[in-house]
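Residue numbers (full-length UniProt numbering): 1 to 304. Notes follow the structure.
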Amino acid sequence: MHRFLRHFFFPHPSNNHRAKALHPDTLLVYILLLALFNFGFRYLHHQYPSILGYATDIRLSELLNLTNKKRAALGLSELRLNEKLSLAASKKAQDMFSHNYWSHTSPEGKTPWGFVTSSGYHYTIAGENLAKNFSDSSGVVEAWMTSQTHKDNIIKPGYRDIGFAIVNGILNGEETTLVVQMFGASDKEEVIAQKPVPLFSGVSTEALGDQIPLISLGVPSQEVSKNFITSLTSVIQKPIINIPTMTRDIVFIFLGLLIGILIIDGFIVSKRKIIRVAGHNLAHIMFFFALSIALMLVKRGVLL
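Okay, here's the thing in structure tokens:
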């Protein structure tokens, strides 16, 4: 065991004065092991989702409260939760899962405004924010607030009503929690526009003027029941092991181990004044350290 540890972790004549853990063939083994872990996680998650899964706790009440807090901080009126806008949000979420797309406009050309009007909400202005793969309500709202186009929707003074849908499903082959946030201000008369205009992130009709088309989807609002809307008010999943956390921990342990081995390897080589061709330890340490920082900054959630 002593010989193995010395051969694997420390520079020695038996490993050509470079720790075996840093040899190219060993690095290939690391890659294969990480791929095996990834496959194993997917299989276990599919078989035992309550044990190994994605921890999620997103609730409509929290999204509404956090959104109104952001508005109140700027002296704006609170938005009222509107059943028709929630119905529109639920239709949009269903359509995204049914047709497997992540966009404000469906592959068939359905816009957010079509879902709004088909749900019986006649707007003067309307907007939509989308989010997926977030683990909690505050993360969703904070991410929206750091994106200017999404923030503009949240703090728009003209809005009076809001609706939400929070849905878990499979999108583009990935288990996903979708959050659809619909904004609006209603008028008795339906506004009819003539020319279509491209949609943008954190999309809003006000920014695009009166040119937004109102598309009738031909879907009766009764098709999405009140019970279904109620079921979309939260997605709460608490598996014993959270896949993103465990995956990140394994990667950090692996990178930390490599950095530690590189530091020890460089120290011993310097102390013993060993001359070798391959020995850019400092560059490797800086690379792995930068990679670790990048992983810390990466967030799973995505906005649209």
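Cβ atoms here follow ideal geometry from the backbone N, Cα and C, with glycine treated the same way. It should be emphasised that the depicted structure is a prediction, and the values quoted were computed from it without experimental measurement.
Using 8 Å as the Cβ pair cut-off and three pairs as the minimum, do the segment 166 to 175 and the segment 90 to 106 touch? Short answer: they touch.
Looking at the unbroken beta strand (DSSP E) that takes in I58, where does it start and where does it end? Element bounds for I58: T56 to R59.
Measure the beta-carbon distance from residue 305 to T177 and round it to whole angstroms, keeping in mind my assumption that it falls under 8 Å. Any answer about residue 305 is impossible in this case: the structure gives the chain only from 1 up to 304.
Under 7 Å between C-beta atoms of A89 and F164: With respect to the 7 Å criterion, A89 and F164 are classified as neighbours on the basis of their beta carbons.
Hey, would you say A185 sits closer than 7 Å to G158, going by beta carbons? Judged by beta-carbon spacing, G158 lies within the 7 Å limit of A185, meaning their Cβ atoms are closer than that value.
Proximity to E174 [Cα-Cα], best of H46, V29, A35 and L32: Scanning H46, V29, A35 and L32 for the CA closest to the CA of E174 turns up H46.
Other residues of its chain near S106: CB distance less than 7 Å, five sequence neighbours each side excluded: Only D95 and H99 meet the Cβ criterion.
Which residue comes first and which comes last in the alpha helix (DSSP H) that contains F97? Where F97 is concerned, the enclosing alpha helix (DSSP H) stretches over E83 to H99.
If you draw a straight line from the alpha carbon of G218 to that of V235, how long is it in whole angstroms? Confidence at G218 is low in this model, with a pLDDT of 32, below 50, so its placement is unreliable and no value can be given for it.
Answer with buried or exposed for A131, where buried requires no fewer than 16 other C-beta atoms within 10 angstroms of its C-beta. By the neighbour-count criterion, in which a residue is buried when 16 or more other Cβ atoms sit within 10 angstroms of its Cβ, A131 is buried.
Range of the contiguous beta strand (DSSP E) that encloses residue 384: No statement about residue 384 is possible, as the shown extent of the chain runs from 1 to 304 and does not include it.
Under a three-way DSSP split, which group does L303 fall into? The DSSP-derived three-state label of L303 is strand.
Rounded separation between I154 and I166 - CA only: The straight-line gap from Cα to Cα measures roughly 17 Å.
Beta-carbon proximity check, L81 vs S119, cutoff 7 Å: Contact flag unset, no.
Check the DSSP bridge columns for D136 and list the partner residues they point to. The secondary-structure analysis by DSSP pairs D136 across a beta bridge with D57.
Backbone secondary structure at L217 - three-state DSSP: Here L217 scores only 32 on pLDDT, less than 50, and its place in the model is too uncertain to base an answer on.
Residue range of the beta strand (DSSP E) that L171 falls in? In the DSSP assignment, L171 falls within the beta strand (DSSP E) that extends over D161 to L171.
From K92 to E62, what does the alpha carbon distance come to, in whole angstroms? The straight-line gap from Cα to Cα measures roughly 21 Å.
So, helix, strand or coil for L74, using DSSP? In the structure shown, the three-state DSSP call for L74 is coil.
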